[in-house]
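Enquirer:
Residue numbers (the working numbering): 1 to 296.
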């Protein structure tokens, strides 16, 4: 939810890795205290025994998930400014942690933990977008992967349905984001199943000429459910395969520009997203894919 509050360009940013992954887990374990600002503390992966100092404007959130918590109730910015004012005179200067953070980033975001083609697609979309562009990550394999691996450089530029997990929300939310921020590039990532929940919003985009770039990763299935059925339920597949329309003809019927990226070509995807951002109107980019690897 707060992705981008600290720019991933900042040398101290570790992005949003999972705390159970070894590089990040080992790094966190070095410290006795974690300062948690404006988080629900919903992750089950904070190490036991670590003390938490939790800042939240809602008193009910303090210590709700971790009992070993010292609470500070207040606005995040004002509280941090006051803490900085007080502590700057009492806490001694320390050596820079740049090298440590760089090491963790290289381990976590290196090729060893990358999942293809998710990694190449993620890099392609990021390269195509300006730093302040807004990404709306839908409930799809690419959306899940982007939560961990898509760098974000400014606040309020990465939108998800968060804990609500609303399938189909990405495209209408992207339209709203573009209307609210007309000078920013807006890209929505969706699966074919999720997109069909709100396919009618292509009419809205066409009617008002809203320049949103929609990327539909089409595996002709509810891919996440299909994989779980195969791996966790002994291959008992039910209701996960889909019969989709021809998305290029669908885009044409609505008066929306359509582009199809074949062969899981990440370079072509980057070009297509870049061209769509510059286009004066809505675009639908279809990327046919097979079964995707587990995104987490």
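For every residue, glycine included, the Cβ atom is placed at its ideal position computed from N, Cα and C. In this text the structure is predicted, and so the values were computed from the model without any measurement.
Would DSSP call residue 294 helix, strand or coil?
Expert: Reduced to three states, the DSSP call for residue 294 is coil.
Enquirer: Tell me the rounded alpha-carbon separation between residue 49 and residue 145.
Expert: Distance between the alpha carbons of residue 49 and residue 145: 29 Å.
Enquirer: Within a Cβ cutoff of 6 Å, which residues of the same chain sit near residue 36, ignoring the five residues on either side of it in sequence?
Expert: Cβ neighbours of residue 36 beyond the five flanking positions: 52, 54.
Enquirer: In this structure, does DSSP put residue 66 in helix, strand or coil?
Expert: Coil at residue 66, not helix or strand.
Enquirer: Enumerate in chain order the residues of its own chain whose CB-to-CB distance from residue 160 is below 6 Å, with the five nearest sequence positions on each side excluded.
Expert: Closer than 6 Å at the Cβ level, and outside the excluded window around residue 160, lie 137.
Enquirer: Does the stretch 121-138 come close enough to the stretch 154-170 that 3 or more CB-CB pairs lie under 8 Å?
Expert: Yes, they touch.
Enquirer: Determine the contact status of residue 128 and residue 264, defining contact as a CB-CB distance below 7 Å.
Expert: The answer is no: Cβ separation not under 7 Å.
Enquirer: Report the partner residues of residue 188 according to the DSSP bridge assignment.
Expert: The partner list for residue 188 (beta bridge, DSSP) reads 136, 214.
Enquirer: Taking the beta carbon of residue 193 as the centre, do at least 16 other beta carbons fall within 10 Å, making it buried, or is it exposed?
Expert: Buried.
Enquirer: Given 8 Å as the limit, is there contact between the stretch 6-25 and the stretch 92-110, that is, 3 or more CB pairs closer than that?
Expert: The stretch 6-25 is in contact with the stretch 92-110.
Enquirer: Please report the straight-line C-alpha distance between residue 90 and residue 34, rounded to a whole angstrom.
Expert: Their backbone Cα atoms lie some 19 Å apart in a straight line.
Enquirer: Given this structure, state the Cα-to-Cα distance separating residue 63 from residue 277, to the nearest angstrom.
Expert: Each residue's alpha carbon lies about 43 Å from the other.
Enquirer: Below 7 Å between beta carbons: does that hold for residue 4 and residue 162?
Expert: Contact flag unset, no.
Enquirer: Alpha carbon to alpha carbon, what distance is there between residue 191 and residue 212?
Expert: Their Cα atoms are separated by approximately 16 Å.
Enquirer: Taking the beta strand (DSSP E) that residue 286 falls in, what are its first and last residues?
Expert: Counting along the chain, the beta strand (DSSP E) containing residue 286 begins and ends at 283-288.
Enquirer: Suppose contacts are defined by Cβ-Cβ distances below 7 Å. Is residue 284 in contact with residue 251 by that definition?
Expert: Yes, these two residues count as a Cβ contact at 7 Å.
Enquirer: Using a Cβ-Cβ cutoff of less than 7 Å, which residues in the same chain neighbour residue 30 once the five nearest sequence positions on both sides are dropped?
Expert: No residues qualify anywhere along the chain.
Enquirer: Give me the Cα-Cα distance between residue 180 and residue 174, rounded to the nearest whole angstrom.
Expert: Their Cα atoms are separated by approximately 10 Å.
Enquirer: With H, G and I counted as helix, E and B as strand and the rest as coil, what does DSSP make of residue 246?
Expert: Note: residue 246 maps to coil in three-state DSSP.
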